[in-house]
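> My structure is below; once you've seen it, I'll send some questions.
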Amino acid sequence: MELVTVTSENVEREHLCCALSDKKATAAKREWLKRNMEHGYVFRKLAGQGKAFMETVPAEHAWAPVDAGGYLFIDCFWVSGKLAGQGYASRLFDACVKDAKELGKHGLVAVSAQKKMPFLSDPGFYRKKGFRLADTAPPYYELLYLPFEEGAAKPKFLECARTGVTDKQGIVLYYSGHCPWNAKYIPFLEKAANERGARFTTVKLQSAGEARQVPNPFPTYAMFCDGKFVTNEMFSDKKFIKFLEEKGGGA
672 MELVTVTSEN VEREHLCCAL SDKKATAAKR EWLKRNMEHG YVFRKLAGQG
722 KAFMETVPAE HAWAPVDAGG YLFIDCFWVS GKLAGQGYAS RLFDACVKDA
772 KELGKHGLVA VSAQKKMPFL SDPGFYRKKG FRLADTAPPY YELLYLPFEE
822 GAAKPKFLEC ARTGVTDKQG IVLYYSGHCP WNAKYIPFLE KAANERGARF
872 TTVKLQSAGE ARQVPNPFPT YAMFCDGKFV TNEMFSDKKF IKFLEEKGGG
922 A
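Here the working numbering runs 671 ahead of the position in the sequence shown, where the first position is 1.
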């Protein structure tokens, strides 16, 4: 199967393999992509249905608190289900390397973790491809990079990402339109919190600049409770209700 690059011309008709069957979620993802393509955002996928895709953007326009000027930022990289283990991840990666070199970038950079975790790219894959550790941030984040030449500047997290805390009380969720799961599940979380009297605040990020100020390396979804980081895992309504019950119903 061939690789397809989603553009402003075909974004309305191409299947977005990360998008759910939920029409609202899919529409939100398409709109987010269209707004960010003008900044060099690329969504490349395997033709047809299935979850095999990579999203990249010049690091200067990344929706993440990183200092990685001159690098190409891997925003989301997902190959799963029946497509896993068939070499598609390497094909997507090779296409990304080609893009970066054609753009004259210093190399590639990605936010990952100490071990494989939900919604974060697999660090094992990156290490096999030669990525190095550039920086860390609590509680488990790693900034990995693949320089194309020795002496290239080492990327780093911005200071806000190192704090791992927010001054907002109650449950606070920072998120963006980057992931279609947010459009589907966050209304459920708001409803569950309201029904249980929990103090729940959502902060929807409207720009890369706002995302770069979030006190967490993964602004796509970063949940805090009473100032402390809780998770980057996108909760379903059932998981969130369980979390509220463990916290005693309210926060």
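Where a beta carbon is used, it is the ideal one built from N, C-alpha and C, also for glycine.
Short of 8 angstroms in beta carbon distance, which residues of its chain neighbour Asp693, apart from the five on each side in sequence? Order them along the chain.
For the purposes of this step, residue 693 is taken as residue 22 along the sequence shown, with counting starting at 1. A distance below 8 angstroms between beta-carbons, with the five flanking residues on each side excluded, links Asp693 to the following residues of its chain, in chain order: Pro851, Ala854 and Lys855.
> Hey, would you say Leu829 sits closer than 8 angstroms to Asp746, going by beta carbons?
Along the sequence shown, read from residue 1 onward, the residue named residue 829 stands at position 158. Along the sequence shown, read from residue 1 onward, the residue named residue 746 stands at position 75. Cβ atoms of Leu829 and Asp746: not closer than 8 angstroms.
> Using DSSP with H/G/I as helix, E/B as strand and the rest coil, what is Tyr741?
By 1-based counting over the sequence shown, the position of residue 741 is 70. Checking the sequence shown, residue 741 turns out to be Gly, not Tyr. Three-state DSSP puts Gly741 in coil, outside helix and strand.
> Comparing alpha-carbon positions, which option in Ala733, Thr872, Glu683 and Met788 lies nearest Thr837?
As a first step, residue 837 must be located in the sequence shown, where it is residue number 166. The residue with the shortest Cα to Cα distance from Thr837 is Thr872.
> Under the rule that 16 or more other beta-carbon atoms within 10 Å means buried, what is Asn681, buried or exposed?
Position 10 of the sequence shown, counted from the start, is the residue given in the question as residue 681. Taking all protein chains shown into account, Asn681 has fewer than 16 neighbouring C-beta atoms within 10 Å of its C-beta and is therefore exposed.
> Output the boundary residues of the beta strand (DSSP E) element that contains Glu673.
The residue labelled residue 673 in the question sits at position 2 within the sequence shown. From DSSP, Glu673 is part of no beta strand (DSSP E); its letter is neither H nor E.
> Inspect the beta-carbon positions of Arg701 and Leu717 and report whether they are closer than 8 angstroms.
Within the sequence shown, numbered from 1, the residue matching residue 701 stands at position 30. Within the sequence shown, numbered from 1, the residue matching residue 717 stands at position 46. Taking 8 angstroms as the Cβ cut-off, Arg701 and Leu717 do not qualify as a contacting pair.
> Exposed or buried, Leu860, counting other C-beta atoms within 10 Å across all chains shown (16 or more means buried)?
For the purposes of this step, residue 860 is taken as residue 189 along the sequence shown, with counting starting at 1. Classification for Leu860: buried.
> Apply the 10 Å Cβ neighbour rule to Pro818 and answer buried if 16 or more other Cβ atoms are within range, or exposed otherwise.
Numbered from 1 along the sequence shown, position 147 holds the residue referred to as residue 818. When all chains shown are included, Pro818 counts as buried.
> Rank Gly841, Val780 and Leu674 by C-alpha distance to the C-alpha of Gly614 and give the top, closest one.
The chain is shown from 672 up to 922; residue 614 falls before or after that span and cannot be answered.
> Do Gly740 and Ala730 have their beta-carbon atoms positioned less than 8 angstroms apart in this structure?
Indexing the sequence shown from 1 puts residue 730 at position 59. Indexing the sequence shown from 1 puts residue 740 at position 69. Result yes, Cβ atoms of Ala730 and Gly740 sit closer than 8 angstroms.
> With a CB to CB cut of under 6 angstroms and the five nearest residues on each side skipped, what residues in its chain are close to Glu726?
Start at 1 with the first residue of the sequence shown, and residue 726 comes out as number 55. For Glu726, where only same-chain residues beyond five positions count, the Cβ hits under 6 angstroms are Phe714, Asp746 and Cys747.
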